[in-house]
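Below is one structure, written out as structure tokens; the observations come after it.
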Amino acid sequence: MDFTLYCDSLVNPIVVDRAPRLSWRIGGDPASVTTGVTDGFIQTSYMIRVATCREKLADADVWCSGEVFSDQSVDIELPAELKSSTRYWWNVAVTDAAGTMHISEPDWFETGLLNQEDWRAEWISAGSRYITNWAMQYRREFLVCSEVAKAKVYISGLGFYELTINGRKVGDHVLDPAITEFPQKIFYVGYDVTDRIQRGGNALGVVLGDGWYHQSQLMEGGGIYGDPCLLLQLEITYKSGVKQYVVSDGGWKTFYSPITMNNIYVGETYDGRMEQPGWDLYGYHENGWFQAVPDNAPKGKLVPQLMPPIRVTQELKPAAVTMPQEGVFVFDMGKNFAGYVRLKIFGTPGNEVVMRFGEAVTQDGMVDVDSSGVFHIRGVQTLRYIFGKTGEIVWEPRFAYFGFRYVELTGAHANVTAETLTGLKVHTDLAPKADFVCAMPILNQMQELFRNTFTSNIHGIPTDCPAREKCGWTGDANIIADTSMVMWDAQLFWDKYIDDIVTAHREHGVYNNVVPGKRGCLDTVPAWGTAILTIPWNCYQAYGCRSVLEKYYDEMAAYT
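Under full-length UniProt numbering, the first residue of the sequence shown is numbered 1, with each subsequent residue one higher.
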């Protein structure tokens, strides 16, 4: 019999926190822990064993549940004391109604950094060298002098980061980490980078964007918590058992990247003339680079980001390309979505290509930028690329996303075709759990509209719109939560948002209308505040996770 084992609703997670929850699925689709078991199978009991290695599972040297007479297979707490940055093995034996025992194959999970003292790294920044909206590059070289058994990196970059090792991007996340109530909680992300570390010289490279941590556009700068900063800890375990640490500290160097402007609302400017080829490779000459400095701005507790990351989930080709004015090209991407575009075009040094985004066009065929709430964000959703050398480039932004259907492109010095722009849909990558198709086209169209609308509004939080506000209104979330739980495996996404509501709340059980973030919108009304009651309850009904009710019961009771 086939089993799929889950730790904190994930298969083989590498940064679980203390007291993880164990679940299993028997048969069916392994993508989701919540879609049932093999038809006709009835579980009457279970026994969980957890060990420090596969060979010790029979002895369960970490924890054994003993035989528990229950049909529960979801959300069982592991009460053992766990160590940081450690792999644990586990399996489960279940008994069916006929008394037959079925034993799963062993599987594993890994802990993150469970205690503050496990962090050898310190927060660093560019200090006085930082220029608002200019993304900074950080680099650090290190030597590896023996055979590596395992390498794991933990990173948090505020507002957003992009990490490279030896010139290659680590992971497929974008716009990472997710927004949180930064003074109370900050996400870190873990990666297994064993295959990226080479014997001899190595280099770490990080680009930091402003993200939500240094959001200076909306609210006239009221969204700033501090300057962009970096926390990174690389742990290398040699086959001899010796460990080596490479951490963010004063030994890092920093300099200005080609991203001369970045803002989550109004876009990004990339100046190719600022490129420094090889800056994230070993042996690069750091002429003119600055020493990174400690960043002492107050910050919240570091917790692992368990919810699915934001990824590029779909590529879209333009449905049409028109030229309403000489030198002005308008790309119709065929539908409204959240994300950005990939630019592929030929140019010469100093040539500036400008792309402006909107959700509608005017009567004369131009992009109507006002359609995306320009008045509110005090700027137009815009990407700019300035050529640093002659040739064809393929480029996409790193630290902004938009809500749009139409793109206006100007400044091209080469032939513009439908291949010039590719739409990239970007959102929190939830696994689909259900779908709806019928014989009525209008209902199928409504289903597709719902699916596209929801995925265009999940970027670490459920948002009201992907262009104008990008805010986590609790009322909007309250309306859509239960339906989304039917359609997607969204337990970790909603658990994270409930925690946002709680960590952002004020005294006397009053909750902000907008969470997380500085906007707040403090004039709370019941239709919005009741999200603290309904979303946890919907999570429990959809996923059977008692832990969400246990965790937030006091807040739910206080609100009533």
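Where is the CB? At the ideal position from N, CA and C, for every residue including glycine.
Do Ile179 and Trp212 come within 8 angstroms of each other at the CB atom, strictly closer than that value?
-> The residue given as residue 212 occupies position 212 in the sequence shown. The residue given as residue 179 occupies position 179 in the sequence shown. Their beta carbons are under 8 angstroms apart, which means Trp212 touches Ile179 by this criterion.
DSSP-derived helix/strand/coil call for Val170 | In the sequence shown, counting from the first residue as 1, residue 170 sits at position 170. Three-state DSSP puts Val170 in coil, outside helix and strand.
Please say whether Val361 and Val330 have beta carbons closer to each other than 8 angstroms?
-> Position 330 of the sequence shown holds residue 330. Position 361 of the sequence shown holds residue 361. For Val330 and Val361, yes; Cβs fall inside 8 angstroms.
What do you get for Met261, buried or exposed, if any count of 16 or more other CB atoms within 10 angstroms of its CB means buried?
-> Walking along the sequence shown from the start, residue 261 turns up at place 261. Around the C-beta of Met261, 16 or more other C-beta atoms lie within 10 Å, and the residue is accordingly described as buried.
Where does Lys551 fall in DSSP's three states?
-> Residue mapping note: residue 551 aligns to position 551 of the sequence shown, counting from 1. Here Lys551 sits in helix by DSSP.
Looking only at its own chain, which residues have a Cβ that is under 8 angstroms from the Cβ of Phe402, when we skip the five neighbours before and after it?
-> In the sequence shown, the residue the question calls residue 402 occupies position 402. Gly267, Ala338, Gly339, Tyr340, Phe357, Ser372, Gln381, Pro466, Ala467.
Can you list, in chain order, the residues of its chain whose CB lies under 6 angstroms from that of Val153, leaving out five sequence neighbours each side?
-> In the sequence shown, the residue the question calls residue 153 occupies position 153. Contacts found: Tyr191, Val193, Leu234.
By Cβ distance, which residues of its chain are closer than 6 angstroms to Asp107, with the 5 residues on each side in sequence left out?
-> Translated into positions along the sequence shown, residue 107 becomes position 107. Leu5, listed in sequence order.
Since Asn478 is in the beta strand (DSSP E), which residue starts that stretch and which ends it?
-> Reading the sequence shown from its first residue, position 478 is the one you call residue 478. That residue, Asn478, is in no beta strand (DSSP E); its alpha helix (DSSP H) goes 474-487.
Give the DSSP-derived three-state secondary structure of residue 562 in the structure shown.
-> This structure cannot settle anything about residue 562, because the visible part of the chain is limited to 1 through 560.
With DSSP as the reference, label Asp295 as helix, strand or coil.
-> Numbered from 1 along the sequence shown, position 295 holds the residue referred to as residue 295. Asp295 falls in the coil class under three-state DSSP.
Using 10 angstroms around the beta-carbon of Leu492, count the other beta-carbons present and answer buried if the total reaches 16, otherwise exposed.
-> Here residue 492 corresponds to residue number 492 of the sequence shown, with the count starting at 1. Using a 10 angstroms sphere on the CB of Leu492, the tally of other CB atoms reaches 16 or more, which defines it as buried.
Separation of Leu421 from Ile386, as counted between CA atoms | Here residue 386 corresponds to residue number 386 of the sequence shown, with the count starting at 1. Here residue 421 corresponds to residue number 421 of the sequence shown, with the count starting at 1. Between Ile386 and Leu421, the C-alpha separation is close to 16 angstroms.
Whose C-alpha, out of Val510, Thr44, Ala149, Asp118, is nearest the C-alpha of Ala97?
-> As a first step, residue 97 must be located in the sequence shown, where it is residue number 97. Proximity to Ala97 across Val510, Thr44, Ala149, Asp118 peaks at Thr44, based on C-alpha coordinates.
For Asp495, which of helix, strand or coil comes out of DSSP?
-> Stepping through the sequence shown from its first residue, residue 495 is reached at position 495. Three-state DSSP puts Asp495 in a helix.
Endpoints, the alpha helix (DSSP H) within which Tyr540 is located = In the sequence shown, counting from the first residue as 1, residue 540 sits at position 540. Start and end: 531-543.
Could you tell me whether the Cβ atoms of Leu175 and His459 are closer together than 8 angstroms?
-> The residue you call residue 175 lines up with position 175 of the sequence shown. The residue you call residue 459 lines up with position 459 of the sequence shown. For the 8 angstroms CB-CB criterion, Leu175 and His459 form a contact.
From the DSSP output, in three-state form, read off Phe454 for me.
-> Taking the first residue of the sequence shown as position 1, residue 454 is located at position 454. Here Phe454 carries a helix assignment [DSSP, helix/strand/coil].
Which of helix, strand or coil DSSP assigns to Arg120 = Residue 120 sits at position 120 when you count from the first residue of the sequence shown. Coil.
Straight-line gap, Val303 to Asp227 (C-alpha atoms, nearest Å) | Taking the sequence shown and counting its residues from 1, one reaches residue 303 at position 303. Taking the sequence shown and counting its residues from 1, one reaches residue 227 at position 227. Straight-line Cα distance between these residues: approximately 20 angstroms.
Which residues in the same chain as Leu143 place their Cβ atom closer than 8 angstroms to its Cβ, once the five residues preceding and following it in sequence are excluded?
-> Numbered from its first residue, the sequence shown carries residue 143 at position 143. Once the five neighbours on either side are set aside, the close Cβ partners of Leu143 are Gly200, Gly201, Asn202.
Under a three-way DSSP split, which group does Met307 fall into?
-> For this step, residue 307 is matched to residue 307 along the sequence shown. Of the three classes helix, strand and coil, the one that applies to Met307 here is coil, per DSSP.
Measure the C-alpha to C-alpha separation of Lys518 and Lys470 and round it to an integer number of angstroms.
-> Mapped onto the sequence shown, residue 518 falls at position 518. Mapped onto the sequence shown, residue 470 falls at position 470. Here the alpha carbon of Lys518 sits roughly 13 angstroms from the alpha carbon of Lys470.
Should Pro462 and Ala477 be called a contact, given that it needs their Cβ atoms to be closer than 8 angstroms?
-> Taking the first residue of the sequence shown as 1, we reach residue 462 at position 462. Taking the first residue of the sequence shown as 1, we reach residue 477 at position 477. For Pro462 and Ala477, yes; Cβs fall inside 8 angstroms.
Going by DSSP, what residues sit across from residue 576 in a beta bridge?
-> For the chain, the structure presents residues 1 to 560; residue 576 sits outside this window and is missing.
Under 7 angstroms Cβ to Cβ from Ala418, same chain only, skipping five residues before and after it: list those, please.
-> Reading the sequence shown from its first residue, position 418 is the one you call residue 418. Excluding positions up to five away in sequence, the list reads Lys317, Pro318, Val321.
Report yes or no: do three or more beta-carbon pairs, one from the stretch 241-253 and one from the stretch 279-299, lie closer than 8 angstroms?
-> Short answer: they touch.
If we ignore side chains and look at the alpha-carbon of each, how far apart do residue 606 and Val92 end up?
-> Nothing in the structure corresponds to residue 606, since the chain is present only between 1 and 560.
How should Phe69 be labelled, buried or exposed, when 16 other C-beta atoms within 10 angstroms of its C-beta is the threshold for buried?
-> The residue labelled residue 69 in the question sits at position 69 within the sequence shown. Flag for Phe69 reads exposed.
Same chain, Cβ closer than 6 angstroms to Val33, five either side skipped, listed in chain order = Here residue 33 corresponds to residue number 33 of the sequence shown, with the count starting at 1. With a pLDDT of 49 at Val33, under the threshold of 50, the modelled position of that residue is not reliable, and the figure given next carries that caveat. Tyr6, Ser9, Ser23, Arg25.
Is the number of C-beta pairs between the stretch 263-281 and the stretch 387-401 that are closer than 8 angstroms three or more?
-> yes
Which residue or residues does DSSP assign as beta-bridge partners of Lys317?
-> Numbered from 1 along the sequence shown, position 317 holds the residue referred to as residue 317. DSSP, once it has assigned bridges, lists no residue as partnering Lys317.
In whole angstroms, what is the alpha-carbon distance linking Gln325 and Gln445?
-> Position 325 of the sequence shown holds residue 325. Position 445 of the sequence shown holds residue 445. Distance between the alpha carbons of Gln325 and Gln445: 34 angstroms.
Under 8 angstroms by Cβ, that's how I've got Phe187 and Ser156 pegged, so tell me the actual separation to the nearest angstrom.
-> Within the sequence shown, numbered from 1, the residue matching residue 187 stands at position 187. Within the sequence shown, numbered from 1, the residue matching residue 156 stands at position 156. Confirmed, about 6 angstroms.
Pair within 8 angstroms by beta-carbon distance, Trp123 and Asp295 = Translated into the one-based positions of the sequence shown, residue 123 becomes position 123. Translated into the one-based positions of the sequence shown, residue 295 becomes position 295. Contact: yes.
Reference Val354, options Ile535, Arg342, Phe109, closest by Cα = If you number the sequence shown from 1, residue 354 lands on position 354. Among Ile535, Arg342, Phe109, the Cα nearest to that of Val354 belongs to Arg342.
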